[in-house]
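Accompanying notes for the structure given below.
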Amino acid sequence: MAENNNLPSVSETAQAWESLFRCQVTIMRRLQALSEFRELNMREYDVLFNLKRAPDCGLRLGDLNEHLLLSQPSLSRMIDRLVERGLVARIADPSDARAVLITLTEEGAELQRRIGRAHVRHIHEVMAGGLTPDELAELKRLTQALSDSVQSC
256 MAENNNLPSV SETAQAWESL FRCQVTIMRR LQALSEFREL NMREYDVLFN
306 LKRAPDCGLR LGDLNEHLLL SQPSLSRMID RLVERGLVAR IADPSDARAV
356 LITLTEEGAE LQRRIGRAHV RHIHEVMAGG LTPDELAELK RLTQALSDSV
406 QSC
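Mapping of the sequence shown onto the working numbering: residues 256 to 408, in sequence order.
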């Protein structure tokens, strides 16, 4: 079947997925071990990063959760901890008084910037050390195509 439609076999697909997944795990473990993530773990940083990219008013919890690999209850508990630390705040949604938006505080934005600068340098070291500029462009193209195909389903 796969040969007739010029589609990869199930085995080829599984092997490619395993390779992609193992590569991500290897890189993430290396990055998590960096000193920047002693103050804030990678999942917490990911929350701050996504809030930094959000509109100025912030994001609802459900909208933020769409960008993360966390369950909604886990994210809610994490937000509670980040609020206690003064890194994020809950504010009333100006467009819906019943809803709450999550926003970065000044302290949260500064911590995200500081960790982000170091994080990007380390990502560059890992990625540029293993791939040429053309290979990086091809990787970006391939992962974007795969992401687009999944989102269109």
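No residue lacks a Cβ here, since even glycine has one placed at the ideal position from N, Cα and C.
Notebook entry, point to check: Under 8 Å, do residue 406 and residue 304 count as touching if we go by C-beta distance?
Noted result: no
Note to self: Given this structure, state the Cα-to-Cα distance separating residue 398 from residue 266, to the nearest angstrom.
What the structure shows: For residue 398 and residue 266, the gap between their C-alpha atoms comes out near 19 Å.
Item checked: Terminal residues of the alpha helix (DSSP H) in which residue 364 lies -> Note, residue 364: alpha helix (DSSP H), 361-385.
Next item on the list: Keeping to the same chain, check which residues put their C-beta closer than 6 Å to that of residue 348; ignore five residues upstream and five downstream.
Entry: Short of 6 Å from the beta carbon of residue 348, and not among the five residues preceding or following it, lie these beta carbons of its own chain, in chain order: 354 and 356.
Notebook entry, point to check: For the beta strand (DSSP E) that residue 344 lies in, which residues bound it at each end?
Noted result: Counting along the chain, the unbroken beta strand (DSSP E) around residue 344 starts and ends at 343-348.
Notebook entry, point to check: With respect to the alpha helix (DSSP H) encompassing residue 313, which residues constitute its N-terminal and C-terminal limits?
Noted result: No alpha helix (DSSP H) contains residue 313, which DSSP labels as neither H nor E.
Checklist line | Distance, residue 274 Cα to residue 309 Cα | finding: Their Cα atoms are separated by approximately 31 Å.
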